[in-house]
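**Student:**
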Amino acid sequence: MERDLLRYDDPYGRTRRKTNVFGWSIAILLLTGFAFAAWLGSFYIFGQPERPQSYEILKKLHKVEPAKRFELTAAPAGEFLNAKQLYDRYTAMRPTELANKNAELARNYIRNFQGVRGLVPYVVGRFVIMGARELSPADVFTSGMVALTLAVDQGELLMEHVYPADTRAVPLMKQTLGMGLELKLERSHDLSAVIHADRLPDGRILITAIPLLYGSYTVSRGTGTFALEPPFLLNLAGGWPLFKETTRRTAQTHFDSYRERVAPVGSTVPIEGFAPGLAPSGANALIRVQPALPVEGPKVAAAPPVTPAPPQKNTPVRGDVKTAQSQKGVPSASSVTTPPHGQIASAQKAASPAGPRLPAATPSPSPSAQTVTALPAQPVPGEALASTAGGGNWKTYPPGRMPVGRLIATTDLPDVADRGLAGERVYLSGQFIVNFVEANRAVLRPKTHLTESVLHPGTGGNSTRIIVEFPSGYRPPARGTTIVRDEARPYEITEVRKQADGQLNVFVREIME
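Position one of the sequence shown corresponds to residue 1 (our numbering), numbered consecutively onward.
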């Protein structure tokens with residue numbers, strides 16, 4: 001057919017071109033490859049934020065959350081490992097396995113431990129600071145201090161403990177984090193998570209840990225307190241570890257000279273399990289302090305106006321060595337008398353599954369109104385309690401003047417072990433017998449009667465052990481002494497652990513003057 005005969009069939013009068021099928025195929029394949037590459041790249045970037053390039057891209061996209069400050073009762077589930085356990089774990093890993101583990105540890109920290117597989121490793125034990133330096137913008141953590149420490153009971157484990165803080169706190173931190181200062185990490189008070197581990201050329205293991213509580217720190221024998229702050233952003237291009245080879249060797253040399261100067265070789269008898277040249281117990285230690293939050297007591301209902309009754313004398317209550325009535329104006333529970341006939345007094349008691357709460361004394365709304373309170377203990381806002389054990393320094397109080405809390409007996413301890421303290425201040429009262437005494441601690445057993453043993457078989461003296469920690473300078477009671485603690489002179493409970501065989505280990509602190 002002639003082309004000229006059908007030229008008027010085209011409405012535009014143009015000649016029709018053939019479709020370039022090959023070109024379109026190439027374009028579609030390129031677009032498909034681009035989409036596939038973008039899909040894989042998103043998995044690479046979002047799935048591996050611990051890589052410096054991925055972290056920078058996520059930071060520009062505003063997809064990186066700042067580090068979270070955790071509470072002691074709401075921290076990620078983890079396992080507490082001492083120096084020997086940490087060394088055995090990371091020294092057994094091959095280089096590839098250790099690299100994968102480091103990527104996982106850093107990834108969990110960047111994601112604020114969301115979707116963690118397994119348990120978070122926490123560090124416990126005693127460490128001695130070998131050296132400390134200020135963090136710079138070229139480091140992974142851009143502000144604060146980092147301390148290089150040596151495990152006391154495992155000389156082949158080093159730890160660099162990170163203290164991220166504002167630049168204004170750095171001068172005080174430099175004065176506090178001195179060489180030879182002891183760092184004590186305990187399960188009941190500290191949460192220092194391992195975020196990196198390295199095998200050094202000499203075979204030792206160097207781990208990097210950071211406290212997830214970001215609390216305040218001070219020294220047991222010194223003044224000044226510095227507070228930590230979660231890092232807003234990281235500089236992963238700085239690389240791990242924070243103490244590079246040259247800096248670490250310099251700190252090691254200075255620490256060796258310091259150790260020879262303080263404790264010359266041969267002057268002390270070596271102790272098995274401790275690093276050579278280190279004393280079993282340090283004279284000064286770095287401790288974490290935590291502000292005690294006042295506990296709100298229940299509201300006390302006031303009685304209608306009545307004729308005031310004549311004053312009555314208080315009956316003294318037995319105490320440990322001193323009596324609760326040594327302080328004027330501090331009545332005990334036994335000194336509260338029943339109102340005479342015709343006098344109406346009403347009080348709202350604190351309902352608690354384990355025992356009564358000790359409310360603060362509340363002034364009556366009417367001049368002639370009368371209230372009945374369990375204990376006139378006023379909370380002290382803004383006070384600081386040192387979270388340490390075994391010869392530390394924490395605030396002590398006169399009898400009856402401790403912060404508001406819940407008072408329990410030894411029969412209520414199984415319930416506390418099942419529910420936990422839940423951030424509440426809990427006090428323990430009762431009669432105890434001293435079984436064992438150390439320099440700054442004692443082990444007590446509840447003194448139970450036959451009736452209590454029959455009604456509460458799980459809280460007998462053989463299944464409950466009270467471990468009391470005393471402040472520095474406090475003389476523990478002698479072995480075999482019977483101790484009586486009432487609502488005016490209780491012990492403060494820090495932790496209750498229940499073993500598989502039903503044994504209760506109750507950790508308490510002496511808070512009375």
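For glycine and all other residues, C-beta sits at the position ideal for the given N, C-alpha and C.
For Asn440, is the classification buried or exposed, using 16 other Cβ atoms within 10 angstroms of its Cβ as the cut-off for buried?
**Tutor:** Buried.
**Student:** Looking only at C-alpha atoms, which of Thr32, Leu234 and Ser192 sits nearest to Leu86?
**Tutor:** Out of Thr32, Leu234 and Ser192, Ser192 has the C-alpha closest to the C-alpha of Leu86.
**Student:** Sorted by chain position, which residues of the same chain lie with C-beta nearer than 6 Å to Pro476's C-beta, five sequence neighbours on each side aside?
**Tutor:** The residues are Val437, Ala442 and Phe470.
**Student:** Considering only residues of the same chain and omitting the five flanking positions on each side of Asn393, which have a CB-CB separation below 7 Å?
**Tutor:** So the qualifying residues of the chain are Ser220, Ala386, Pro471 and Ser472.
**Student:** Candidates Phe80, Ile57, Glu104 and Ala67: which alpha carbon is nearest Pro164's?
**Tutor:** Minimum Cα distance to Pro164 is reached at Ala67.
**Student:** What do you get for Pro49, buried or exposed, if any count of 16 or more other CB atoms within 10 angstroms of its CB means buried?
**Tutor:** Result: buried.
**Student:** By how many angstroms is the C-alpha of Pro211 removed from the C-alpha of Pro241?
**Tutor:** The alpha-carbon atoms of Pro241 and Pro211 are separated by roughly 16 Å.
**Student:** On the DSSP bridge assignment, give the partners of Pro446 in chain order.
**Tutor:** Pro446 pairs with Phe432.
**Student:** Extract the residue ranges of the alpha helix (DSSP H) inside the region 68-131, only unbroken runs of 4 or more that lie entirely within it.
**Tutor:** If we require 4 residues or more, the alpha helix (DSSP H) runs fully inside the region 68-131 come out as 83-91 and 95-110.
**Student:** Which of the three DSSP states is assigned to Asp415 in this structure?
**Tutor:** Helix at Asp415.
**Student:** Which same chain residues, not among the five before or five after Phe507, have their C-beta less than 6 Å away from its C-beta?
**Tutor:** Cβ neighbours of Phe507 beyond the five flanking positions: Ile467, Thr494 and Glu495.
**Student:** Look up Gly420 in the DSSP assignment and say whether it is helix, strand or coil.
**Tutor:** Coil, per DSSP.
**Student:** From the DSSP output, which residues share a beta bridge with Arg485?
**Tutor:** According to DSSP, which records beta bridges pairwise, Arg485 is partnered with Gly430.
**Student:** Bridge partners for Tyr549 per DSSP, in chain order?
**Tutor:** Outside the shown range of the chain, which is 1 to 513, sits residue 549, and nothing can be said about it.
**Student:** Give the secondary structure of Phe470 by DSSP, where H, G and I count as helix, E and B as strand, and everything else as coil.
**Tutor:** Note: Phe470 maps to coil in three-state DSSP.
**Student:** What separation, rounded to the nearest whole angstrom, lies between the Cα atoms of Ala209 and Glu160?
**Tutor:** For Ala209 and Glu160, the distance between alpha carbons rounds to 6 Å.
**Student:** Nearest-angstrom Cα distance between Ile205 and Val64?
**Tutor:** Taking the straight line joining both Cα atoms gives about 30 Å.
**Student:** Quick check: the Cα distance between Glu514 and Pro398, rounded to an integer number of angstroms?
**Tutor:** Here the chain comprises residues numbered 1 to 513, so residue 514 is not present and cannot be evaluated.
**Student:** Touch check for the region 179-199 and the region 36-46: three-plus C-beta pairs under 8 Å?
**Tutor:** The answer is no - the region 36-46 does not touch the region 179-199, with fewer than three Cβ pairs under 8 Å.
**Student:** Quick one: Cα of Thr218 to Cα of Arg288, how far?
**Tutor:** So the two alpha carbons sit approximately 6 Å from each other.
**Student:** With the cut-off set at 8 Å, would you say Phe141 and Val162 are in Cβ contact?
**Tutor:** Yes. Within cutoff.
**Student:** Which residues does DSSP list as the beta-bridge partners of Ser216?
**Tutor:** Partner(s): Ala227 and Val289.
**Student:** Just curious, the beta strand (DSSP E) that Ile57 is in, first and last residue?
**Tutor:** Per DSSP, Ile57 belongs to no beta strand (DSSP E); it is in the alpha helix (DSSP H), Pro52 to Lys60.
**Student:** Thinking just about the alpha-carbon of each residue, which of Val120, Val262 and Pro95 is nearest to the one in Glu79?
**Tutor:** Measuring from the Cα of Glu79, the nearest candidate turns out to be Val120.
**Student:** What distance in whole Å lies between the Cβ atoms of Glu182 and Ala83, which are believed to be in contact at a cut-off of 8 Å?
**Tutor:** Contact flag wrong, Cβ pair sits at about 14 Å.
**Student:** For Phe208, report the span of its alpha helix (DSSP H) as first-last.
**Tutor:** Reading the sequence as shown, one finds Thr at residue 208 and not Phe. Where Thr208 is concerned, there is no enclosing alpha helix (DSSP H), although the beta strand (DSSP E) it sits in stretches over Ile205 to Pro211.
**Student:** Using a 10 Å radius around the Cβ and a threshold of 16 neighbouring Cβ atoms, would you call Thr315 buried or exposed?
**Tutor:** Any answer about Thr315 is weak, because its pLDDT of 43 lies below 50 and its placement is not dependable; what the coordinates show is given next. It is exposed - the Cβ of Thr315 has fewer than 16 other Cβ atoms within 10 Å.
**Student:** Starting from Arg509, trace the beta strand (DSSP E) both ways and give me its first and last residue.
**Tutor:** It spans Leu504 to Arg509 - the beta strand (DSSP E) in which Arg509 sits, taken as one unbroken run.
**Student:** If we count Cβ pairs, one from each stretch, closer than 8 Å, do we get three or more for the region 87-96 versus the region 106-118?
**Tutor:** With the cut-off at 8 Å, the region 87-96 and the region 106-118 do not touch.
**Student:** By Cβ distance, which residues of its chain are closer than 6 Å to Asn505, with the 5 residues on each side in sequence left out?
**Tutor:** These residues qualify, in order along the chain: Arg465 and Arg497.
**Student:** Residue range of the beta strand (DSSP E) that Leu191 falls in?
**Tutor:** First-last for Leu191: undefined, no H or E at that position.
**Student:** Which one or two residues does DSSP pair with Thr464 in a beta bridge?
**Tutor:** Leu504.
**Student:** Quick one: what does DSSP say Lys244 is sitting in, helix, strand or coil?
**Tutor:** Three-state result, Lys244: coil.
**Student:** Could you have a look at Leu157 and say whether DSSP puts it in helix, strand or coil?
**Tutor:** Three-state result, Leu157: strand.
**Student:** In whole angstroms, what separates the C-alpha of Phe255 from that of Pro230?
**Tutor:** Phe255 and Pro230: Cα-Cα distance of roughly 29 Å.
**Student:** Give the DSSP-derived three-state secondary structure of Glu182 in the structure shown.
**Tutor:** In the structure shown, Glu182 sits in a strand (DSSP, three-state: E or B).
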